[in-house]
Ligand SMILES: Nc1ncnc2c1ncn2[C@@H]1O[C@H](COP(=O)(O)OP(=O)(O)O)[C@@H](O)[C@H]1O
Ligand SMILES: [Mg+2]
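Residue numbers (this note's numbering), protein chains in the order written: chain A, 5 to 731; chain B, 16 to 326.
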């Protein structure tokens with residue numbers, strides 16, 4: 005079956021758009037073909053800086069004929085209906101119609117056949133349409149035709165189109181169409197500088213080979229392979245190591261049709277700038293790779309560039325040119341770095357008074373002040389020195405207004421650390437600049453220094469409490485302020501560092517700190533409008549753990565719980581255990597929640613655990629039903645005098661031992677110990693349900709037995725609500 | 016005057032090349048501006064249906080780029096060579112490469128690349144798509160197909176080339192520091208370098224731009240230019256009807272002025288982040304109003320019956 009070759013040849017396509025464009029082209033053409041009834045065997049798309057290419061092979065030469073059956077009016081129906089039917093179906097008279105009987109009577113049926121079109125004609129229709137509606141992220145008009153409203157838009161000016169269709173054994177045909185003054189044909193061009201002449205192509209096989217001969221590597225993956233292999237080898241040959249960078253590799257491979265990898269160097273004097281700054285400079289601005297010395301693990305004064313041309317001097321001029329630019333860039337970076345070093349971080353803080361963090365949450369300066377207060381509050385809880393923590397929180401964001409971070413935003417925090425160290429700050433204080441942003445994602449490192457932990461928690465909790473207060477919570481897939489990530493960060497900080505924090509109390513405390521900012525803003529607004537200030541710090545509260553807390557704090561706790569469940573689910577752990585723990589109520593210490601969950605998970609993996617759970621569940625169910633029926637709770641101690649059966653007595657006895665033992669273990673937060681103690685209940689519980697009928701005819705006995713069941717439930721509730729656990 | 020010998024010879028070679036392509040060779044605009052794009056021969060002439068081809072050198076002032084003469088290729092005052100052709104010809108990329116050859120950049124020896132750089136001037140209300148042109152990793156030119164200028168759709172689209180003259184000349188002369196460029200092509204005692212001409216100026220203006228410029232005065236100048244621009248625009252509408260405009264160019268001068276004063280204030284660090292946006296917006300509003308007025312002038316494509324009229 006015949007194949008299609010399509011090439012759209014244009015001026016340089018932005019590297020970042022190439023891969024998606026190739027995929028879009030493949031999808032659009034093949035979808036359209038299938039919609040036209042043309043099922044193909046395979047398709048592959050490619051992109052270089054100057055061309056998008058698609059090959060689709062094994063397309064039928066023509067559409068198959070389309071048989072259609074259309075039901076018409078009833079035999080003997082109204083004349084108008086019959087005329088309408090003939091007209092719509094194109095039949096000359098009713099003689100050409102079939103008659104079909106169905107339960108409602110006899111009907112005319114028209115059998116028409118729509119002959120399939122040659123694929124060449126179909127392609128000539130669909131290709132221009134696809135090109136016209138191609139989904140470039142940004143497209144443009146150009147040239148004389150741009151004055152007309154109908155002019156074609158493309159990512160950059162489109163120059164020529166190759167579109168051929170045909171069998172391997174025959175001369176293929178050009179898919180004929182015209183678009184914006186471009187006529188489709190069989191001519192393309194090779195490399196812009198090394199093979200600019202026109203090339204005539206037939207089909208994909210000779211097209212790809214001729215391009216290769218004309219210094220164009222069509223396949224982006226091959227270009228990447230070449231660059232990576234050559235770069236590694238160049239570095240290795242000098243005893244160094246390429247610092248691999250897949251994102252940069254992607255981009256660089258989209259900037260060349262014929263990759264030539266070369267190595268250059270820069271003045272070793274620049275190695276006095278932090279390595280990250282050197283890398284950012286060389287990578288972001290020059291799209292070159294950096295190289296490290298395996299002996300020291302540090303950067304060396306080398307870089308690797310990818311040129312698009314085999315230069316007549318072997319690349320000497322190109323390397324020299326790139327070295328010159330990198331020197332200027334590094335000289336700029338050094339200027340920025342050294343300028344930054346001249347100003348102390350604390351002296352930069354006044355600048356934050358003019359930087360708005362969020363229009364409803366005040367300035368960055370106010371935010372920093374809040375973080376300082378909260379971090380100081382948290383510090384003793386995580387074993388951090390309060391003064392150091394305050395200092396760290398004060399300085400942690402100061403690098404945002406430095407020159408280097410202005411130039412390379414991705415270096416925020418890290419530069420703060422360098423500047424803090426340079427001005428002689430304590431190592432923990434300096435580290436907090438970088439580490440308080442962490443963890444940024446599931447793969448990111450969690451800080452372990454108490455000072456960093458305190459500031460990191462304060463930073464994230466300020467964000468969460470703040471956006472909760474102004475009702476900017478994440479919805480569905482929308483989370484513009486990355487609040488989910490902040491909450492997960494808090495969870496990991498607490499759990500991995502084994503930190504106990506009562507989140508509801510902390511949120512409540514911080515909400516009142518935030519009220520001060522809101523008050524200030526309300527007053528400022530009132531001043532501007534000349535009116536009175538209505539101080540808007542009213543908030544609703546609810547009862548929680550026997551005290552009034554803000555509804556927002558409680559709501560935020562639930563947000564944490566959901567994140568925790570999600571995280572456990574992702575780790576393959578049982579998130580229903582989280583529900584079992586939380587439904588006890590009053591739990592806002594995530595570390596303890598996780599501990600309980602872990603103990604439960606382990607326990608329920610044992611037979612004792614499984615059976616005990618079944619027993620407790622049964623007890624809870626019975627209690628639930630009876631409590632509802634009687635509209636009362638069966639709390640209070642059972643009366644030993646009312647026990648009639650041995651199994652009852654045995655259970656009561658076991659309870660009397662296990663209850664205090666488990667309670668003591670829970671008090672020591674030894675949840676595993678509590679579970680081990682509870683395991684001892686199992687035989688007694690099993691025997692009880694085997695032999696004892698709870699709803700005894702004697703009301704007093706019945707009540708006593710229900711009270712006993714309640715004791716079991718209560719004892720296990722020291723750790724979790726077993727009834728919430730799924731089987 | 017060979018282009019690889021002297022900075023001035025280099026400029027002359029570029030001018031000659033574009034003159035041969037039929038461009039009007041203009042002289043620099045006599046006002047301080049951040050880029051050749053601000054020259055009315057680009058900003059305003061890019062608008063409207065009339066064909067236009069021009070090329071010129073434009074001294075460009077970027078107060079924030081001052082480095083006290085320390086940076087090898089970044090200057091707070093440098094020369095741009097600007098080419099504007101409307102409608103954009105189909106072979107503009109080729110013409111650009113030929114112009115490089117004319118100034119001695121051999122594209123079989125150097126790595127010339129077109130790297131995505133979508134140009135946008137928030138102060139001019141303008142945007143276009145195109146590239147930074149790299150020569151061996153150095154950004155030497157900006158290449159743009161204007162899509163919108165002064166808030167007006169370009170119809171037809173103009174192609175704009177902006178060469179960074181010093182950086183290109185450094186290439187061609189093979190020097191590492193801009194201040195080492197040979198300016199006049201002489202050797203020995205008669206040789207004048209770029210540093211001889213501009214190093215002191217870079218140092219003085221860096222001090223001025225970052226440390227001493229009179230911010231109070233500049234704030235006032237900004238407001239004055241803004242008010243004058245609006246005043247001239249109002250007064251320019253013929254017969255008070257918004258059909259024909261008779262003073263778009265003088266009004267636009269004030270927009271250029273406001274833009275440069277803003278750049279000075281910005282370099283001085285006296286504009287806060289929030290205010291910054293509002294200043295940019297104010298300049299843009301002026302630029303847009305000037306563009307709108309220009310479209311109602313003869314050169315902007317409005318009816319020629321205006322010729323010879325006065326206010
Ligand atoms: N501060 C500077 N000093 C010297 N040359 C510069 C400077 N800034 C830019 N250039 C050169 O001028 C060219 C055009 O600059 P660019 O910033 O892209 O201009 P525009 O603002 O007109 O788009 C650049 O390609 C670069 O070579
Ligand atoms: Mg640029």
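C-beta atoms are modelled at their ideal positions from N, C-alpha and C, and glycine is treated no differently.
| query | result |
| --- | --- |
| Contacts that residue 339 of chain A makes with chain B (C-beta to C-beta distance below 8 Å) | 82, 85 and 86 |
| Contacting residues, own chain, Cβ-Cβ under 8 Å from residue 316 of chain A (five flanking each side not counted) | none |
| Beta-carbon contacts of residue 230 of chain B that lie in its chain and below 7 Å, excluding the five residues immediately before and after | 280, 283 and 285 |
| Residue 275 of chain A: first and last residue of the uninterrupted alpha helix (DSSP H) it sits in | Unbroken run through residue 275 of chain A: none, as it is neither H nor E. |
| Cβ of residue 186 of chain B within 8 Å of any chain A Cβ | yes |
| Residue 295 of chain A and residue 248 of chain A closer than 8 Å at C-beta | no |
| Contact residues within the region 107-128 of chain B, judged by C-beta distance below 7 Å to chain A | 108, 122, 123, 124, 125, 126 and 128 |
| Beta strand (DSSP E) runs wholly inside the region 260-319 of chain A, at least 3 long, in chain order | 264-269, 293-296 and 303-311 |
| Proximity to residue 78 of chain B [Cα-Cα], best of B/262, B/168, B/90 and B/37 | B/90 |
| First through last residue of the alpha helix (DSSP H) which encompasses residue 472 of chain A | 454-473 |
| Buried/exposed call for residue 140 of chain B, threshold 16 Cβ in 10 Å | buried |
| Limits of the unbroken alpha helix (DSSP H) element including residue 49 of chain A | Looking at the DSSP string, residue 49 of chain A is not in any alpha helix (DSSP H); the run it does join, the beta strand (DSSP E), is 46-52. |
| Close-in-space but distant-in-sequence residues of the same chain around residue 610 of chain A (CB under 8 Å, 5 per side omitted) | 683 |
| Where the alpha helix (DSSP H) containing residue 14 of chain B begins and where it ends | Here chain B has residues from 16 to 326 only, and residue 14 of chain B is not among them. |
| Selected residue, minimal CA-CA separation from residue 207 of chain A, among A/189, A/176 and A/237 | A/176 |
| Span separating the alpha-carbon of residue 323 of chain B from that of residue 306 of chain B | Only weak support exists for where residue 323 of chain B lies, its pLDDT of 46 falling under 50; the value from the coordinates is given anyway. Their Cα atoms are separated by approximately 21 Å. |
| Chain B contacts from the region 285-319 of chain A (Cβ-Cβ distance under 7 Å) | 290, 309, 311, 312, 313, 315, 316 and 317 |
| DSSP-derived helix/strand/coil call for residue 325 of chain B | Reliability of the predicted coordinates at residue 325 of chain B is poor, the pLDDT of 45 falling under 50, and the value obtained from them is presented with this limitation in mind. If DSSP states are grouped into helix, strand and coil, residue 325 of chain B belongs with coil. |
| Contact set for residue 199 of chain A: own chain, Cβ-Cβ below 6 Å, skip 5 residues either direction | 218 and 219 |
| Contact set between residue 335 of chain A and chain B, taken where Cβ atoms lie within less than 8 Å | 85, 86 and 87 |
| Nearest neighbour of residue 600 of chain A, chosen from A/585, A/272, A/174 and A/718 [CA to CA] | A/585 |
| Short CB-CB distance (under 8 Å) between residue 150 of chain A and chain B | yes |
| Separation of residue 490 of chain A from residue 450 of chain A, as counted between CA atoms | 13 Å |
| Segment limits, alpha helix (DSSP H) that includes residue 111 of chain B | 107-117 |
| Top-ranked residue by Cα proximity to residue 177 of chain B, from B/75, B/206 and B/271 | B/75 |
| Unbroken stretches of the alpha helix (DSSP H), 4 residues or longer, contained in the region 556-612 of chain A | 580-586 and 594-608 |
| Nearest-angstrom Cβ-Cβ length linking residue 404 of chain A and residue 323 of chain A, presumed shorter than 8 Å | 37 Å between Cβ atoms; not a contact. |
| Straight-line Cα distance separating residue 51 of chain A from residue 23 of chain A | 7 Å |
| Alpha-carbon spacing of residue 692 of chain A relative to residue 651 of chain A, whole angstroms | 5 Å |
| Given 8 Å, three or more beta-carbon pairs between the region 373-387 of chain A and the region 327-342 of chain A | no |
| Contact check, residue 135 of chain A vs residue 183 of chain A, beta carbons under 8 Å | yes |
| Neighbour-count burial assignment, residue 325 of chain B, 16 or more Cβ in a 10 Å radius | Confidence is the limiting factor: at residue 325 of chain B the pLDDT is only 45, short of 50, which leaves the residue's position unreliable and the question unanswerable from this model. |
| CA-to-CA distance, residue 62 of chain B to residue 570 of chain A, given in whole angstroms | 56 Å |
| Proximity test, residue 70 of chain B beta-carbon vs ligand 1 heavy atom, cut-off 7 Å | no |
| Boundaries of the alpha helix (DSSP H) in which residue 270 of chain B is found, first to last residue | 263-283 |
| contact_flag[the region 295-304 of chain A, the region 271-283 of chain A] where n(CB pairs < 8 Å) is 3 or more | yes |
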